[in-house]
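Novice:
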Amino acid sequence: MPGVGERRAAEDGQESGAGAGILHVFGRQLKLCRERAGLDRAELGSRAGYSASTIASFEQGRRIPPPGFIDRADEVLGAGGLLLAGKEEVARAQYPAFFRDAARLETEAVVLHVYANQAVPGLLQTEEYARAVFTMRRPLLDAETVEQRVVARLARQEIFGRKPMPVISFVIEESVLRRPLGGRGVMRGQLEQALLQGQRRNVEIQMMSTEREEHAGLAGPFTLIETREGRRIAYAEVHKDSRLYTERAAVREFEEQYGLLRAAALGPRESLAFIEKLLRDT
Numbered sequence: 087m088p089g090v091g092e093r094r095a096a097e098d099g100q101e102s103g104a105g106a107g108i109l110h111v112f113g114r115q116l117k118l119c120r121e122r123a124g125l126d127r128a129e130l131g132s133r134a135g136y137s138a139s140t141i142a143s144f145e146q147g148r149r150i151p152p153p154g155f156i157d158r159a160d161e162v163l164g165a166g167g168l169l170l171a172g173k174e175e176v177a178r179a180q181y182p183a184f185f186r187d188a189a190r191l192e193t194e195a196v197v198l199h200v201y202a203n204q205a206v207p208g209l210l211q212t213e214e215y216a217r218a219v220f221t222m223r224r225p226l227l228d229a230e231t232v233e234q235r236v237v238a239r240l241a242r243q244e245i246f247g248r249k250p251m252p253v254i255s256f257v258i259e260e261s262v263l264r265r266p267l268g269g270r271g272v273m274r275g276q277l278e279q280a281l282l283q284g285q286r287r288n289v290e291i292q293m294m295s296t297e298r299e300e301h302a303g304l305a306g307p308f309t310l311i312e313t314r315e316g317r318r319i320a321y322a323e324v325h326k327d328s329r330l331y332t333e334r335a336a337v338r339e340f341e342e343q344y345g346l347l348r349a350a351a352l353g354p355r356e357s358l359a360f361i362e363k364l365l366r367d368t
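The sequence shown maps to residues 87 to 368 in the numbering used here.
1) Whole beta strand (DSSP E) runs in the region 150–224 with 3 or more residues, listed along the chain?
2) Quick one: using the 10 Å Cβ neighbour count with 16 as the cut-off for buried, is residue 89 buried or exposed?
3) By the DSSP assignment, the alpha helix (DSSP H) with residue 338 in it spans what residues?
4) Grab me the residues of residue 155's own chain with a C-beta within less than 7 Å of its C-beta, minus the 5 sequence neighbours each way, in chain order.
5) Need the endpoints of the alpha helix (DSSP H) that residue 356 sits in, please.
6) Using the rule of at least 16 other Cβ atoms within 10 Å of the residue's Cβ for burial, across every protein chain shown, is residue 356 buried or exposed?
7) Can you give me the start and stop residues for the alpha helix (DSSP H) that residue 283 sits inside?
8) Along the chain, where does the beta strand (DSSP E) that runs through residue 255 open and close?
9) Quick one: give me the first and last residue of the beta strand (DSSP E) that residue 246 is part of.
10) Take the Cβ of residue 273 as the centre, count every other Cβ of all protein chains shown within 10 Å, and call the residue buried at 16 or more, exposed below.
11) Here's the rule I'm using: 16 or more other beta-carbon atoms within 10 Å means buried, otherwise exposed. How should residue 95 be labelled?
12) Kindly confirm or deny that the region 138–158 and the region 169–181 touch, where touching means at least three C-beta pairs closer than 8 Å.
13) Do you know offhand how far residue 333's Cα is from residue 213's?
14) May I ask you to report which of helix, strand or coil DSSP gives residue 100?
15) Which same chain residues, not among the five before or five after residue 298, have their C-beta less than 7 Å away from its C-beta?
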C-alpha cells in the first residue's frame, strides 16, 4: 500500500528492475526445483506443455510464466507450494512498473469507477483493440512485451465474474467510442464488447457527449477504487507518471468530479443505445 497522501511512480524504465528481479528469483527457484526433481528442461516442458526453450526463458527471467504453468510446474516438480508462493508477484510483473500497485488494488475492489478520455478503458478492451493500443505506443515496445501486456490486460477482466460481484461504472468520452483505433473491424469488435459488458447487472457504461458545454474532467482520466476494507483510493495516470491518492481530501475531489461527470453523461440505457447506433454505422 502506498504511503499516506500520494505516490508518484518513477519512470517505467527506472522501475522495471523490480519486476525483472522477481522474474529472476522465480527462475532460479524453478531451476533448482527442476534439478532436484532430476528433470531436464525438455522433460519438464513435455510434462507441463511447453518447449525446452520456453522453460529456459522462464528460468533465465526473460519471459513471464503464466499462472497455469506455475500451477503445473509446482505439481510436476513436487515443489510443495514453493513455486505457488511467488505466483502473485510473478503475475504483477506482467504490468508496467507504474501500474503494479493500482493493479493490486483493483483486484481488491468492491467498487470501481473509471473515467476515460483517450482510449477505451483496459477493463473493456478486446484482445485486438488492446494489441493495437500497445503496438501504437511510443517509444515502441518489442513484440514479446506487447503480447505480455495484452495477456495481462485481458487477465484483469476476470474482475467482472468475481464473487461477490464488484460494482463497476465507466464514463467514456464520445470521441473515444468514435475513434477506430486498429481499424474499423477492430473497433466494431470493441463496440460489441462494450455492449456485452454493459449488459451485466453490476456494470454501468455512460457516454459523455462532445456536445456538452461544461465538463468536470478536463484534467484527464482517473479511476476510483473502494476496497473490501472500505478504503477509498484514486488513481491517475499521465504518460509514464502515475499517482495513487489516499488522503481523504484528495480522493474527495476526484469523487466530486466523477459525480459531475456521471450527471452530465448520457444514462446507462441511453449510452448503450448510442453504442448500438455507432455499431450499425461502423
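Where is the CB? At the ideal position from N, CA and C, for every residue including glycine. Source: prediction; values computed, not measured.
Specialist: Taking the structure as given:
1) 195–202
2) Bear in mind that the predicted position of residue 89 carries a pLDDT of just 40, short of 50, making it unreliable; the figure below should be weighed with that in mind. Its Cβ having fewer than 16 others within 10 Å, residue 89 is exposed.
3) 334–350
4) 134 and 136
5) Note, residue 356: alpha helix (DSSP H), 354–367.
6) exposed
7) Residue range 270–284 is occupied by the alpha helix (DSSP H) that includes residue 283.
8) 253–259
9) Careful: residue 246 lies outside any beta strand (DSSP E) and carries neither H nor E.
10) buried
11) The pLDDT assigned to residue 95 is 39, lower than 50, so where the model puts this residue is not dependable, and the model offers no usable value.
12) Segments in contact, yes.
13) 35 Å
14) With a pLDDT of 39 at residue 100, under the threshold of 50, the modelled position of this residue cannot be trusted; read the value that follows with caution. Note: residue 100 maps to helix in three-state DSSP.
15) When the five nearest sequence neighbours on each side are left out, the beta carbons in the same chain lying within less than 7 Å of the beta carbon of residue 298 are those of 350, in order along the chain.
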